[in-house]
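Down below is the structure, laid out as C-alpha cells.
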Amino acid sequence: PLWLGTNTGGLARFDRATARFTHFRHDPANKASLSHDSVYSIVDAGDGTLWVGTQSGLNRFDIGSGTTERIAVLPAGEPFSGSEYVTAILPDSDGSLWIATVGNRVLHFDVTTKAVESLALGPDNSQTDRGSDSFALAYDRKGDLWIGTRAGAFVRSRIDGTLTKIVSNPPES
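In terms of this note's numbering, the sequence shown opens at residue 11 and continues consecutively.
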C-alpha cells in the first residue's frame, strides 16, 4: 500500500490493486484513533507500525489493526498545549527518532524508554517565537543531522553533538 498524510482527512492507505482508499481519522471518543486529522509526516517503523506526526503530536499506528497509540513526546515538565505539530520524523541508527516540531525545537525520542530530549534551536526555546519552526530533517554522508527551519538550517554533529546554524545569504534584488 501507499500511505498518505492529508491536511484534514487523517491518514490514508491507497491500495494499488483495487485503486481504493481507506481513511484513518481522529475520533474524539476513541483514544485508539489518530490524535488529529492533519497529518504532516509518516515513517514506516519496519515492524508493522507507522510513526505518524500530526498537528497534535506523535502517533504509533498499527497497520494490522488500524489502531493508534498516541505518544506524548514532550520534555519532562512541559504541558501539552493541544497543538503539538510534528512536522517531520527521522529514524536514527540506534532505533530512536528525531522529531521536528513547530516551536523552536527538535526532539530526540528513545522509543524503548520513552525518554525525550529537547534540542533548542532558538535563543530561549520559547513556544511563541516561531522563527525556528522545524520542517525538515535529514542526515548527510558523515551522519550529521541537518535541520531545516523557517529561520534557516542547522547542523548537529554526530561526533560531538555541537549545533551550528548555517546562514544563507539571499540574493540581492
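From the three backbone atoms N, C-alpha and C, an ideal C-beta is built for every residue, glycine too. Bear in mind that the values here come from a model prediction, so they are computed numbers and not experimental data.
*I73 (DSSP reduced to helix, strand or coil)*: Within the sequence shown, residue 73 is the residue found at index 63, counting from 1. Note: I73 maps to coil in three-state DSSP.
*According to the Cβ coordinates, are R151 and A130 closer than 7 Å?*
Locating residue 151 in the sequence shown gives position 141, where the first residue counts as 1. Locating residue 130 in the sequence shown gives position 120, where the first residue counts as 1. Result no, Cβ atoms of R151 and A130 do not sit closer than 7 Å.
*Classification of S66 by the beta-carbon crowding that lies within 10 angstroms, buried from 16 upward*: Against the sequence shown, residue 66 aligns to sequence position 56. Classification for S66: buried.
*Does the distance from the CB of T97 to the CB of A110 come in under 7 Å?*
As a position in the sequence shown, residue 97 is number 87, starting the count at 1. As a position in the sequence shown, residue 110 is number 100, starting the count at 1. For T97 and A110, yes; Cβs fall inside 7 Å.
*L155 versus L68: straight-line alpha-carbon distance, rounded*: As a first step, residue 155 is located in the sequence shown; it is residue number 145 there, counting from the start. As a first step, residue 68 is located in the sequence shown; it is residue number 58 there, counting from the start. Roughly 20 Å between the two C-alpha positions.
*With DSSP as the reference, label D54 as helix, strand or coil.*
Along the sequence shown, one-based indexing puts residue 54 at 44. Correct three-state label for D54: strand.
*Count the other CB atoms within 10 Å of the CB of H33; is the residue buried (16 or more) or exposed (fewer)?*
Residue mapping note: residue 33 aligns to position 23 of the sequence shown, counting from 1. Exposed, since its Cβ has fewer than 16 Cβ neighbours within 10 Å.
*Alpha carbon to alpha carbon, how far is V112 from Y95?*
Reading the sequence shown from its first residue, position 102 is the one you call residue 112. Reading the sequence shown from its first residue, position 85 is the one you call residue 95. Linking V112 to Y95 through their CA atoms gives a straight-line distance of about 6 Å.
*Nearest candidate by alpha-carbon position, reference N17, set A42, L147, D47*: Sequence index remark: in the sequence shown, residue 17 carries index 7 (1-based). Comparing Cα positions, the closest option is D47.
*With 16 other CB atoms within 10 Å as the buried threshold, where does I176 fall?*
For the purposes of this step, residue 176 is identified with residue 166 of the sequence shown, where counting begins at 1. Looking at its Cβ environment, which holds fewer than 16 other Cβ atoms inside 10 Å, I176 is exposed.
*asked:* If you measure between the beta carbons of G63 and S75, is that distance less than 7 Å?
replied: Along the sequence shown, read from residue 1 onward, the residue named residue 63 stands at position 53. Along the sequence shown, read from residue 1 onward, the residue named residue 75 stands at position 65. Against a cut-off of 7 Å, the Cβ pair of S75 and G63 comes out as no contact.
*To the nearest angstrom, how far is it from the Cα of D104 to the Cα of I157?*
Residue 104 sits at position 94 when you count from the first residue of the sequence shown. Residue 157 sits at position 147 when you count from the first residue of the sequence shown. The straight-line gap from Cα to Cα measures roughly 19 Å.
_Nearest candidate by alpha-carbon position, reference V83, set W61, I73, T77, F164_ = Along the sequence shown, read from residue 1 onward, the residue named residue 83 stands at position 73. Cα-wise, what sits closest to V83 is W61.
*In three-state DSSP terms, what is G158?*
Taking the first residue of the sequence shown as 1, we reach residue 158 at position 148. Correct three-state label for G158: strand.
*Close-in-space but distant-in-sequence residues of the same chain around L100 (CB under 6 Å, 5 per side omitted)*: Against the sequence shown, residue 100 aligns to sequence position 90. Its chain contains W108, L147 as the residues whose beta carbon lies nearer than 6 Å to that of L100, once the 5 sequence neighbours on both sides are disregarded; these appear in chain order.
*Which word fits R160, buried or exposed, when buried means at least 16 other C-beta atoms lie within 10 angstroms of its C-beta?*
Within the sequence shown, the letter at position 150 stands for residue 160. Result: exposed.
*Near R140, which residues of its chain fall below 6 Å by C-beta distance, leaving aside the five closest residues on each side in sequence?*
The residue given as residue 140 occupies position 130 in the sequence shown. Low confidence applies here, because R140 scores a pLDDT of 46, under 50, leaving its location unreliable; read the following figure in that light. Cβ within range, chain order: n/a, list empty.
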